[in-house]
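In this note's numbering, the protein residues as written are 15 to 124.
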């Protein structure tokens, strides 16, 4: 279901992507990629979605604190929400983690 959301996003089918990510989370509420993708998509839609995006991304980081993509989007949410200091901290975490991330995820190498 997460893959369907990614595909829908690539086709600019925002509502379908939102539904796919939501469905993926209904099956597995702790699926970090779906939390990150949904949080990022909600950030891009902006407005009243920012608190929900912040919650999803924070939850993703609780489950996987080394997810630099989640840190990046949480920084963007904080930036757009006027929380510059929090944004800077998140950007720094994202940069440090991205630099130390393997080129390919270990789980996908096997």
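Ideal Cβ positions, reconstructed from N, Cα and C, are used throughout, including at glycine.
- With contacts defined by Cβ atoms closer than 8 Å, residue 21 and residue 35 do not form a contacting pair.
- Counting only residues of its own chain and dropping the five nearest sequence neighbours on each side, residue 87 has a CB closer than 7 Å to the CB of 50, 53, 54, 57, 71.
- Residue 53 sits in a helix when the DSSP states are folded into three classes.
- Looking at 63, 16, 100, 40, the one whose alpha-carbon comes closest to that of residue 47 is 16.
- Membership of residue 73 in the alpha helix (DSSP H) is indicated by the continuous run 64–77.
- With fewer than 16 other beta carbons inside 10 angstroms of its own, residue 76 counts as exposed.
- A check of alpha carbon separations from residue 108 across 66, 42, 79 identifies 79 as the nearest.
- By the criterion of a C-beta distance shorter than 7 Å, residue 41 is surrounded in its chain by 15, once the five residues flanking it on both sides are discounted.
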